[in-house]
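Our numbering puts the first residue of the sequence shown at 37, with every later residue one more than the last.
Every residue, glycine too, gets a C-beta built ideally from N, C-alpha and C.
Computed from a predicted model, the values in this text were never measured in an experiment.
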Amino acid sequence: MNADSAAFVGVMMSSGFFSVIKVMQIVFGSCILIGYQRPLMYLLLAPITVAIVLFELLIAKQPGAGILLALLTCYMFFVYREHFLPIVARRTSLTHLSIKTGQI
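Written out as structure tokens, the structure reads:
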């Protein structure tokens, strides 16, 4: 681990940031293992995966397990793509909304 990596990890550990991230990984991973809201859990884990990959590429300059993790995450997004397509689907009208007019 180079000096920049050590400094970054030191700050993150002393601030408690890594502890919060680890708890999130354990909770979301446990939900995935028991089958509870898997697409949502993958979506919540995606930013953590991106942070791991960016740390390895930009700070540590040693791509490693983060690349594999990113590939597995992309694969799971592909597997559950029917759940994620509505998020990125382009809508041209507001007919999908059910707004009742005249009521407060």
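May I have the straight-line CA-CA distance separating Met60 from Met77, to the nearest angstrom?
In a straight line, the C-alpha of Met60 is about 10 Å away from that of Met77.
So Ala96 and Ser41 are supposed to be a Cβ contact under 8 Å. How far apart are they, rounded?
So it is a contact: roughly 5 Å between Cβ atoms.
Could you check what DSSP says for Arg117 in three-state terms: helix, strand or coil?
Correct three-state label for Arg117: helix.
Around the Cβ of Phe64, are there at least 16 other Cβ atoms within 10 angstroms (buried) or fewer (exposed)?
buried
What number of angstroms, rounded off, separates the C-alpha of His119 from the C-alpha of Cys110?
A straight-line Cα-Cα distance of about 14 Å links His119 and Cys110.
Is it buried or exposed for Thr100, if we count other Cβ within 10 angstroms and need 16 for buried?
Thr is not the amino acid found at residue 100; the sequence shown has Gly there. So Gly100 ends up on the exposed side.
Which term fits Val89, buried or exposed, when burial requires 16 or more other beta carbons within 10 angstroms of its beta carbon?
buried
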